[in-house]
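Below: the structure, in structure tokens.
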Ligand code: GLV
Ligand code: MG
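Below is the structure:
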């Protein structure tokens with residue numbers, strides 16, 4: 129297996145129909161952390177064979193620098209999946225980072241994709257294990273098995289909530305993705321789903337990604353829904369329209385003040401635990417007591433801020449002795 133950093137920036141994961149050359153060309157120019165070229169629901173059945181070719185050409189032409197390159201194939205219950213994977217990976221495997229598998233229901237579906245990828249990698253001489261898998265959880269069975277799905281292969285990089293299919297699959301009485309179903313006024317109808325996905329992701333060191341917000345003109349609505357999953361600890365969210373991009377990148381980056389504070393916790397804790405700082409396990413940073421757990425929390429924020437290319441503002445320096 130190849131060693132590959134599967135922890136890629138994914139604040140914004142832009143959906144692009146694989147059948148549209150125009151949208152593919154536009155996506156190259158946009159500041160999305162990830163782009164996924166879609167062979168599934170944004171691609172009509174009759175357009176799928178042509179879209180496979182368009183996607184292979186688009187990946188091989190390049191122009192995706194700085195972006196994670198993903199193709200969403202069709203789910204295993206259709207007749208299209210194997211041909212999607214074979215055509216795309218044989219044709220453009222060297223220029224592809226991950227395959228996104230929708231409507232994952234069992235760990236075996238991940239294992240099946242893993243095996244198929246390995247065969248193609250061997251056949252065409254690609255680095256074995258480099259191509260990752262992004263697993264979409266879109267129905268009750270998938271959520272019930274989410275822990276096993278996350279653990280099913282080292283290729284799994286993300287667990288993604290697919291709210292539109294999910295709402296349909298559990299008969300939720302709402303048509304507005306991300307908003308609360310009318311009549312349910314005692315909490316967040318998505319909390320259990322989001323938390324289950326997040327726990328599986330964190331337990332197995334994967335990223336947790338929130339799905340689409342369909343009201344593309346309502347950027348405030350996007351920010352509200354994205355803000356919730358970001359607050360819980362999700363790593364990013366789908367973007368369906370360029371107008372949602374800045375909101376996604378901002379929402380899933382730390383605030384400047386939090387980033388500066390987290391960097392300062394790391395510096396201060398480093399110093400206080402050193403000989404020069406008194407080799408202490410716990411210390412005061414202003415009015416705040418910091419210890420090893422504070423360092424771990426700070427590392428999360430710092431990791432996200434650095435990945436987002438943030439610059440440090442106020443810097444802590446050791447007290448004068
Ligand atoms: C995404 O695929 C969704 O169903 O929300
Ligand atoms: Mg879906």
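Numbering (the working numbering), first residue to last: 129 to 449. Ideal placement from N, C-alpha and C gives every residue a C-beta, glycine not left out. Bear in mind that the values here come from a model prediction, so they are computed numbers and not experimental data.
Around the C-beta of residue 319, fewer than 16 other C-beta atoms lie within 10 Å, and the residue is accordingly described as exposed. In the three-state DSSP reduction, residue 364 falls in the strand class (E or B). Along the length of the segment 321-403, whole alpha helix (DSSP H) runs at least 4 residues long occupy 347-360, 373-379, 384-401, reported in chain order. As computed with DSSP, residue 198 is found in a beta bridge with 164, 226. Under the rule that a run must span 3 or more residues, the beta strand (DSSP E) segments found entirely inside the segment 223-301 read 226-229, 260-265, 284-289.
Of all residues, those with a beta-carbon under 6 Å from at least one heavy atom of the ligand MG are 169, 230, 266, 290, 292, 293, reported in chain order. If you look at residue 145, you'll find it in the beta strand (DSSP E) that goes 140-145. Taking each of 390, 221, 312 in turn and checking the Cα distance to residue 190, the smallest one comes out for 221. By the beta-carbon neighbour count (other beta carbons within 10 angstroms, threshold 16), residue 341 is buried.
With a threshold of 16 other beta carbon atoms within 10 Å, residue 312 falls short and is exposed. Short note on residue 264: C-beta closer than 7 Å to some heavy atom of the ligand GLV.
Here residue 172 is not near residue 146, since their CB atoms are 8 Å or more apart. For residue 416, the enclosing beta strand (DSSP E) covers residues 416-418.
Judged by DSSP secondary structure, residue 158 falls outside any alpha helix (DSSP H); it is assigned neither H nor E. As a beta-bridge residue in DSSP terms, residue 413 pairs with 416.
Within the chosen limit of 7 Å, the ligand GLV does not reach the beta carbon of residue 159 with any heavy atom. In this model, residue 367 and residue 444 are separated by some 37 Å (Cα to Cα). Taking a cut-off of 8 Å on C-beta distances, the segment 229-245 touches the segment 257-274, as three or more cross pairs fall below it.
Between the ligand GLV and residue 340, a heavy atom-to-CB distance of less than 7 Å is present. When secondary structure is reduced to three states using DSSP, residue 427 falls in the helix class. The criterion of a C-beta distance shorter than 8 Å is not satisfied by residue 213 and residue 164. Between the segment 280-288 and the segment 344-358 there are fewer than three inter-stretch CB-CB distances shorter than 8 Å, so the stretches are not counted as touching.
Just so you know, the alpha carbons of residue 301 and residue 385 end up roughly 40 Å apart. Remark: three or more beta-carbon pairs, one from each stretch, lie closer than 8 Å, so the segment 353-364 and the segment 132-141 are flagged as touching. Distance from the CA of residue 219 to the CA of residue 392, rounded to the nearest whole angstrom, comes to 47 Å.
Per DSSP, the continuous alpha helix (DSSP H) segment holding residue 211 begins and ends at 209-220.
The segment 143-161 and the segment 369-380 touch, with three or more beta-carbon pairs separated by less than 8 Å. Residue state for residue 447 is assigned as coil, using DSSP reduced to three classes. Taking 8 Å as the cut-off, the Cβ atoms of residue 216 and residue 184 count as close. Secondary structure at residue 187: helix, using DSSP grouped into helix, strand and coil. For residue 149, the three-state secondary structure derived from DSSP is helix.
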